[in-house]
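Reading through the C-alpha cells given below for one structure.
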Amino acid sequence: MANNHHASPAAVGGSLVNAVTLTCGVLIALMAAILVVRFLFGLGAVTGLNDGYPWGIWVVVDVVIGSAFACGGFSVAMLVYIFNRGEYHPLVRPALLASLFGYTLAAAGVIFDLGRWWNVWNMFWPGSINPNSVMFEVAVCITLYVIVMWIEFSPVVLEKLGKDDARRKVGKAMFFVIALGTVLPMMHQSSLGTLLVVLGVQIHPLWQTPLQPLLYLLTAITMGYAVVLFESCLTSTAYRRKIETHMLTPLAKIMLGFLAVYLVVRVGDLLVRGALPKAFVPSVEALCFWIEMLSMAAPLILIGAEGNRRNPARLFLAGLLLMLGGAMLRLNGFLIGYETNVGDAGGFSYFPTLAEVLVTAGMFAIEVLGYIVITRRFPVLPREDVQAAH
Amino acid sequence: MGTRRDFLKGVLAGGAAATACVASAPAAARETRPRPPEAMGLLYDSTLCVGCKACVAACKTANDNPAEFSTLDHLWDTPLDTSGHTFNLIKMYRNGTMDAKDQEVNGFAFMKTSCMHCGDPSCVSACPVSAMTKDPETGVVGYNPDKCIGCRYCVAACPFGIPKYQYDSPTGRIGKCELCRHRHKDGHYSACAEVCPTGATLFGRTEDLLAEAKRRLAHKPGQPMKVPRGHLRPAQVRMLSGKPEGKGAMNRHGWRNEPDQTYEAVAGNYLQHVYGEKEYGGTQVLKLSAVNFQKLGMPDLPPDAAAALSETIQHTLYGNLIMPFAVLGAMTYVAKRNVKDEESSDQGGK
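From first to last, the protein sequence lines are chains A and B.
Just so you know, we're using the working numbering here: the first sequence kicks off at 1 and counts up by one.
Just so you know, we're using the working numbering here: the second sequence kicks off at 1001 and counts up by one.
Shown next, in the form of C-alpha cells:
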C-alpha cells in the first residue's frame, strides 16, 4: 500500500458557465415549476399514476435506479479500503461525489412522490416505525448513508476551507465511517429488491424470487463499477484529461467478476423456479427481459479479453450497457413486470407524463451541475500536469 | 504481496459475515399468520346477489364518500372500480348472450370488491409507519391517515388491489374498507351487510361465517335453503356449531337489536370452494360463487402469504441487527488497518 503514490486531488478550475451548465439550469427551473403544481394540486395533477400503478418513474427511476447508479462510491470504497486495493485510490473521490449527489437527490426526491409528505417524520418515530416493513429498512438505511457519505466527503470541503484541524479529527474516525459506508448500501441496495417480495403474484415470475436481495446487491455493485467507467471516460473527455485506463482496465476485470457471479445466480434462479419458459412467450415482458439479459451479458464479450479492456471506447460502452441492464432489471421488476390482479385484464396502464419526465430530468440535471461545480472548485479529481484547457 | 493477503482477509471477513447470516436463518423464519380466533368479517354469496348495489350506496354514506362518475351526464354514482373514494363495489361478469345468472358461458354473475381483511395482510407488513394495522382482536385492517406518509407501498402490495390513494388531492389519503369499525361503538356493523336485501353480504365472526358457507355448499343446487340476512345471529351460530351455547357470548359485540330476517331461498349451483378460507393463509371476508373466481376478478393466491416470506427474508438478514453488526464489525476491523496505511501513504505522496 505504501508503494502507491498518487497525484493528490486538485480542483479542475475553469468557467462555470457553459452550454451544459445552462441546459442544466433550464431543466432545474422546469422541474421547480412542475413541483409547485404537484404540491398545490396533488400527484394526479402532474403524474400518470393511477389505481393500478401506484409507483411511477419518480420511484423507480429517481430512487430505485438512481440510487443504484449512485453505487460507484460504495463499490470503489469497498475495493480500496476493504479489499485494500490502494491503486484505485484516485477513483474514490470522484466516485464518492457522484454517489453523494445521486443519493442525496434520491432521498430528497422521495418527498415529491410522498402523498402525505408532512407525516414523513413517522419513518423515524419509535411509536410509528414498522420493523417488518422493507420500506422502513430502506428509508432508514438510505438516510443514514446520505449522512455517512457527507462525512466521508467532508475532508474535501475542509481541505478547501483550510480547516486542517477539523480534517485531521474527521480522518481519525474515517475508518469507521468508511465501514458504515459499505454496510449501509449493502443493506438497502439488497432491500430495494426485497421490496418486491411482498407484492407476491403481482410480479411476473421472471422477476419475482426470494433471491431478490442477492440479485439487487450484486447488480448494484456491478453498476457501481460500470458508473465509474462511464463517468471516468466522460469526465476525461469533457475536461480533456488523460483517460485513466491503467486503473479502469483492472477495475473492469473486477466488475466482470461480479457480473459473472450475478449472471450465474440470475439464470440459476430462473431455472430452479422454472420461470425461464416465460421468456420465450411473445410478450412485452419477454422482450424487456431479453433487453435486460443481453445488456448484462454483452460486456462479457465486449471486454472479456484483456486487450479489449484497454480500449476506452469498449470500456465506456460496457459500462453503459451494464448501467442499462441493471436499470432494466429494476424497471422490469417494478413496472413492466408488475400487474395488479384485480380489475379488467389490462384495465390499467401507466406511461410517464411529460411533467414526470421533466422532474426526473431536472433531478439528473442537479447531479450533473453539482458535479461540474464541485470538480471545478473543490479538490476531487487527481491533479493533472497539464491544466484543463478551459 | 501484502495487498493480495489483505484482499484475501477482506474476502474472509465477508465470508464470516455471510455465515453469520445463514446460521441465524431458521430462528427467524415466520409462518403465515392465521386469522385471530374472534376475527369478524363478511360472507358474500354471489349466487344470492341481485346486483342492486344497495351496499355500494350504503358504503358511500357510511364512509362519507363522494359520488364518482363514469358517464357523461353525472346523474348518479357510477364508479367502475374501487378507488380512494369508493371502498365497495359490485362488479358484473358478462359472457356472450348473458342468458342466465351464475352461468360461466352465455351468462352473467356478480362479485363484491372490497377489502378481504387478510389474516396476514401484505399492506400491514408493507407499511413503514404502522399507518395500516390489523386489530389483534377483531382482525379489522384499519388505516390511520395521521401516520400515513402516502408512499403507496400498501397499494402496490395488496394482491386484491384494495388500498387506493386519492390522487385528486394535495392531501390525498389511502381509502379502503375498514369493516365500518367507526360504527361499531353505536352497535352498527358493516353497512353493506346491514342493507343487503338478499343476505348475499352477511356480517359475522369469520369462523361462524365459514361454517355457514360450508352449510350452504352442502345443499344440492335448487334445494330450498334458509338464508340469514344482516348479521349471523347467536341462535344461528348455536345451530351451526351444534352446541346449545354456541361458540361465544350472545351478541358478543353488542350489535343493536334487529328482527330476525332469515328467509327461504334456493341453493345456488356452488363451486365447492370457499374463497378466502385458504387464500394467503385465510381472509376474514369469505366468498361463494357458481362461476370461477378468477373470471370474477379474484386472484388465484397460494396458501402462504407474501408477507410471511417478505418478513422471513427481512428478519433473517436484519433480525436484532445481528448480521449488520457482524458485517460492520468485520468491515471496521479491515478498514481500520487499511485506512491507517492510507493516511501514511497520503502523507508520503505529498
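We put the CB at the ideal spot given by N, CA and C, even for glycine.
For L1288 (chain B), there is no enclosing alpha helix (DSSP H); the residue is found in the beta strand (DSSP E) stretching over 1285 to 1288. Assignment of M1111 (chain B) by DSSP, reduced to helix, strand and coil, places it in the strand class. Taking 8 angstroms as the CB threshold, M187 (chain A) lines the interface with chain B.
Under the 8 angstroms criterion on CB atoms, E1212 (chain B) is classed as non-interfacial with respect to chain A. Under the DSSP definition of a beta bridge, D1099 (chain B) lacks any partner. Residues of the region 1066 to 1084 of chain B with a Cβ closer than 9 angstroms to any Cβ of chain A, in chain order: L1080, D1081, T1082, S1083, G1084.
At a cut-off of 8 angstroms, the C-beta of G1161 (chain B) has a neighbouring C-beta in chain A. Scanning its chain for C-beta atoms nearer than 7 angstroms, with the 5 sequence neighbours on each side dropped, one finds around E367 (chain A) the residues F101, G102, L105, in chain order.
DSSP places F175 (chain A) in the helix class (H, G or I) of the three-state scheme. The count of Cβ pairs closer than 8 angstroms, one atom from the region 1146 to 1164 of chain B and one from the region 1183 to 1195 of chain B, stays below three, leaving the stretches out of contact. Between the alpha carbons of G1268 (chain B) and T1047 (chain B) lies a distance of about 6 angstroms. Taking 8 angstroms as the CB threshold, D1168 (chain B) lines the interface with chain A. Where L1089 (chain B) is concerned, the enclosing beta strand (DSSP E) starts and stops at 1089 to 1094.
DSSP links H1231 (chain B) through a beta bridge to B:F1203.
K160 (chain A): member of the alpha helix (DSSP H) spanning 134 to 161, first to last residue. Among the residues of the region 1029 to 1060 of chain B, none has a Cβ less than 8 angstroms away from any Cβ of chain A. DSSP, reduced to helix, strand and coil, places M1116 (chain B) outside both helices and strands of the structure shown, so it counts as coil.
Listed by position along chain B, the residues whose Cβ is nearer than 9 angstroms to that of D51 (chain A) are D1081, T1082, S1083, G1084, V1155, G1161, K1164, Y1165, Y1167. A straight-line Cα-Cα distance of about 9 angstroms links V20 (chain A) and A365 (chain A).
Look at E1311 (chain B): its C-beta is under 8 angstroms from a C-beta on chain A. Residue-level contact by beta carbon holds for V1339 (chain B) and chain A, with a gap shorter than 8 angstroms. For T235 (chain A), the three-state secondary structure derived from DSSP is helix. Listed along chain A, the residues sitting closer than 7 angstroms to K1147 (chain B) by beta-carbon distance are N119, N122, S128. Secondary structure of P9 (chain A) (DSSP, three-state): strand. Each residue's CA atom was taken as its position, placing G171 (chain A) and P379 (chain A) some 16 angstroms apart. Rounded to whole angstroms, V1334 (chain B) and A77 (chain A) show a C-alpha spacing of 12 angstroms. Under the Cβ distance rule, E137 (chain A) counts among the residues neighbouring chain B, one pair being separated by less than 8 angstroms. Distance between L43 (chain A) and A1029 (chain B), taken at the CA atoms: about 38 angstroms.
Residues of the same chain with a CB within less than 6 angstroms of the CB of L195 (chain A), apart from the 5 flanking positions on each side, are V134 in chain order. Cβ atoms of V359 (chain A) and F112 (chain A) come within 8 angstroms of each other, at about 7 angstroms.
Inclusion of L96 (chain A) and E152 (chain A) in the CB contact set at 8 angstroms is warranted, their separation being smaller than that value. P382 (chain A) sits in a strand when the DSSP states are folded into three classes.
The alpha carbon of V17 (chain A) has as its nearest neighbour, out of A:P9, A:V26, A:A10, the alpha carbon of A:V26.
Annotated as distal: A1157 (chain B) and A1131 (chain B), with beta-carbon spacing of 8 angstroms or more. Comparing alpha carbon positions, the residue from B:G1319, B:L1042, B:I1313, B:H1074 closest to C1196 (chain B) is B:L1042. Burial is judged here by how many other beta carbons sit within 10 angstroms of a residue's own beta carbon; N1106 (chain B) has fewer than 16 and is exposed.
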